[in-house]
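Peer 1: In the UniProt record's numbering, the protein residues as written are 1 to 390.
Glycine residues also receive a C-beta, built at the ideal position from the N, C-alpha and C atoms.
Please read through the structure below; I'll follow up with questions.
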Amino acid sequence: MNNDNDKVNPSERRFATKLLHFGAEIDEGTGASSVPIFQASTFHHHDIFNPPQYDYSRSGNPTRQALEDYIALLEGGARGFAFASGMAAISTSFLLLSAGEHVIVTEDVYGGTYRLLTSILERLGIESTFVDMTDFDAVKAALKPNTKAVFMETPSNPTLKITNIAETTAWAKEHGLLTMLDNTFMTPYHQRPIEHGVDIVLHSATKFLGGHSDVLAGLAVTADESLGRRLKQLQNGLGTVLSAQESWLLMRGMKTLQARMEHSERSARRLAEWLSNHKEVSAVFYPGLEGHPGRAIHEKQSVGYGAVVSFDVGSGERAKKMLSKVQIPLVAVSLGAVESILSYPAMMSHAAMPKEVRHARGITDGLVRYSVGLEDIEDLLEDLDQALRA
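Have a look at this one:
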């Protein structure tokens, strides 16, 4: 048996190994091959003068801590945090800002983030400006004296536009701005934003990280300890934490992340190419396509193209008819699961956006979003073909 001094630091291992050997995969007390679920709300103080590491599960829970250390390892950050949902992670991070401050945001951002900024944070005095982040001059022009942060989503949801992460973070640091990035579509398997200068990486872990449409969760990773302490204070104060049961369930899903992403991405690339040649489709959005305007930038900051393909069938009427005819994918809100999910942004993920705002950002009534799962791609193509021709 190896001496403890001979043990390899998990951060030095390759990604596929990190997914399975992340430091807490074996319980030290029992040798169990799974992180125990500490289904406890409070913890006994054996010595009142020397409080234990855990005292109350809102402030800290061993199962949740294992997950938080796990995502920090995968993203290459200093601290990880697990929240009750992706929006809980995003909302808590935005509350690092104060009334009177301003944030620059990707214009075709997830609808829930748009709703948070325009309906809630605006009321609290936190101002936002939405810009096309494929145009760096537009990002720079949005700077105000009270700007304190930049929020990126790349690829964006649902039009899959690409933001140059390193260029944006370098500029943000020159102006003392906090940078946040929603990495839900890419996951740390394909994209690690902290390596490109991002301060906080965010995930709706409900999606690809969980991967099985059975857990609601959000994750955040900070690049440094100082920012981690500030985010911890907010997480504890707001109580936006993930339960022990769901923390365990999320870790179980994350162990197969690489295998799932590799399979789904192969199928997504095939789907995008097939759609590009389909006469019933007017436009296809996928960073792996040769004609995608952000492909070169994406390839510099990511090692894959992901498993989400958006395409336009020309009108809302045609989109709804197609959605009623598909037989294999779920027609549902969400993405990133083992089963394929076909979504209609205008009435699902981006329903919170006024129609004129959606259209201005390229989210048309004919746009649909396909999250490719683990089914046989030939079956998916045949099914989609009959639905498109209906």
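Could you round the C-beta distance between N61 and Y70 to whole angstroms and report it? I think they count as a contact, below 8 Å.
Peer 2: If you number the sequence shown from 1, residue 61 lands on position 61. If you number the sequence shown from 1, residue 70 lands on position 70. Wrong, their Cβ atoms sit about 14 Å apart, outside the cutoff.
Peer 1: Buried or exposed: M1, going by 16 or more other Cβ atoms within 10 Å of its Cβ?
Peer 2: As a working note, residue 1 is residue 1 in the sequence shown. Legend: pLDDT at M1 = 47, less than 50; position of this residue unreliable, value from coordinates given subsequently. Counting Cβ neighbours within 10 Å, M1 comes out exposed, since fewer than 16 surround it.
Peer 1: Got a sec: is the Cβ-Cβ distance from S371 to anything in chain D below 8 Å?
Peer 2: No chain D is part of this structure, which consists of one protein chain only.
Peer 1: I'd like the list of long-range same chain contacts for V303, defined as Cβ closer than 7 Å, with 5 residues on each side in sequence excluded.
Peer 2: Start at 1 with the first residue of the sequence shown, and residue 303 comes out as number 303. Counting only Cβ-Cβ distances below 7 Å, and skipping sequence neighbours, we find H190.
Peer 1: Give a yes or no on whether the C-beta atoms belonging to V103 and A172 are separated by under 8 Å.
Peer 2: The count along the sequence shown starts at 1 and reaches residue 103 at position 103. The count along the sequence shown starts at 1 and reaches residue 172 at position 172. Their beta carbons are not under 8 Å apart, which means V103 does not touch A172 by this criterion.
Peer 1: For the alpha helix (DSSP H) that contains A307, what are its first and last residues?
Peer 2: Here the question's residue 307 lines up with position 307 in the sequence shown. Where A307 is concerned, there is no enclosing alpha helix (DSSP H), given that its DSSP letter is neither H nor E.
Peer 1: Span of the beta strand (DSSP E) holding D182?
Peer 2: Translated into the one-based positions of the sequence shown, residue 182 becomes position 182. Its beta strand (DSSP E) spans residues 178–182.
Peer 1: Taking the beta strand (DSSP E) that Y370 belongs to, which residues open and close that run?
Peer 2: Residue mapping note: residue 370 aligns to position 370 of the sequence shown, counting from 1. That run of the beta strand (DSSP E) goes 367–371.
Peer 1: Relative to the C-alpha of P237, which residue among P51, L95, I37 is closest?
Peer 2: In the sequence shown, residue 237 corresponds to position 237, counting from 1. The sequence as given places Gly at residue 237; Pro does not occur at that position. Selected option, being the one with the closest Cα: L95.
Peer 1: Secondary structure at R192, three-state DSSP: helix, strand or coil?
Peer 2: Taking the first residue of the sequence shown as 1, we reach residue 192 at position 192. Coil.
Peer 1: Going by DSSP, what residue range makes up the alpha helix (DSSP H) through K355?
Peer 2: Position 355 of the sequence shown, counted from the first residue, corresponds to residue 355. Per DSSP, K355 belongs to the alpha helix (DSSP H) from 355–360.
Peer 1: Can you list, in chain order, the residues of its chain with a C-beta nearer than 8 Å to that of H175? Leave out the 5 residues immediately preceding and following it.
Peer 2: To locate residue 175, count along the sequence shown from 1; it is residue 175. Excluding positions up to five away in sequence, the list reads L143, T147.
Peer 1: Give me the Cβ distance between G197 and T179, rounded to the nearest whole Å; I'm assuming they're in contact under 8 Å.
Peer 2: Residue 197 sits at position 197 when you count from the first residue of the sequence shown. Residue 179 sits at position 179 when you count from the first residue of the sequence shown. G197 to T179, Cβ: 7 Å. Contact.
Peer 1: S264 to G210, Cα distance in whole Å?
Peer 2: Counted from its first residue, the sequence shown places residue 264 at position 264. Counted from its first residue, the sequence shown places residue 210 at position 210. Answer to the nearest angstrom: the Cα atoms are 14 Å apart.
Peer 1: Can at least three beta-carbon pairs, one atom from the region 307–318 and one from the region 357–369, be found at a separation below 8 Å?
Peer 2: With the cut-off at 8 Å, the region 307–318 and the region 357–369 touch.
Peer 1: Is there contact between the region 152–161 and the region 108–115, where contact requires at least three CB pairs shorter than 8 Å?
Peer 2: The region 152–161, when compared against the region 108–115, does touch it at the 8 Å Cβ threshold.
Peer 1: Going by DSSP, which residues form a beta bridge with F285?
Peer 2: By one-based count along the sequence shown, residue 285 stands at place 285. For F285, which the question treats as bridged, DSSP gives the partners S310.
Peer 1: If you draw a straight line from the C-alpha of A166 to the C-alpha of P51, how long is it?
Peer 2: Indexing the sequence shown from 1 puts residue 166 at position 166. Indexing the sequence shown from 1 puts residue 51 at position 51. Computed Cα separation, rounded: 43 Å.
Peer 1: For A220, list the residues DSSP reports as bridge partners.
Peer 2: On the sequence shown, position 220 is the one that residue 220 refers to. Looking at the DSSP assignment, A220 forms a beta bridge with F81, L202.
Peer 1: Within this structure, are the beta carbons of F22 and P36 separated by less than 8 Å?
Peer 2: Against the sequence shown, residue 22 aligns to sequence position 22. Against the sequence shown, residue 36 aligns to sequence position 36. No, Cβ-Cβ distance for F22 and P36 is not below 8 Å.
Peer 1: Exposed or buried, which one is R361 when buried takes at least 16 other CB atoms within 10 Å?
Peer 2: Position 361 of the sequence shown holds residue 361. Buried, since its Cβ has 16 or more Cβ neighbours within 10 Å.
Peer 1: Buried or exposed, going by whether 16 or more other CB atoms sit within 10 Å of the CB of N277?
Peer 2: Residue numbering aside, residue 277 sits at position 277 when the sequence shown is read from its first letter. By the 10 Å Cβ count, N277 comes out exposed.
Peer 1: Express the C-alpha separation of L116 and E127 in angstroms, rounding to a whole number.
Peer 2: Your numbering for residue 127 matches position 127 in the sequence shown. Your numbering for residue 116 matches position 116 in the sequence shown. If I take the Cα positions, the gap works out to 11 Å.
Peer 1: Which same chain residues end up closer than 8 Å to S349 when comparing Cβ atoms and leaving out the 5 residues on each side of it in sequence?
Peer 2: Here residue 349 corresponds to residue number 349 of the sequence shown, with the count starting at 1. Cβ neighbours of S349 beyond the five flanking positions: Y110, G111, G112, N157, P158, V333, S343, R369.
Peer 1: Compute the beta-carbon to beta-carbon distance between G76 and I194, rounded to the nearest angstrom, for a pair I have assumed lies under 8 Å.
Peer 2: Reading the sequence shown from its first residue, position 76 is the one you call residue 76. Reading the sequence shown from its first residue, position 194 is the one you call residue 194. Right, their Cβ atoms sit about 5 Å apart.
Peer 1: In terms of residues, what are the limits of the beta strand (DSSP E) holding L20?
Peer 2: Counting from one through the sequence shown, the residue named residue 20 turns up at place 20. Per DSSP, L20 belongs to no beta strand (DSSP E); it is in the alpha helix (DSSP H), 15–20.
Peer 1: Let's see if you can read the secondary structure: which residues bound the alpha helix (DSSP H) around K320?
Peer 2: By 1-based counting over the sequence shown, the position of residue 320 is 320. It spans 316–325 - the alpha helix (DSSP H) in which K320 sits, taken as one unbroken run.
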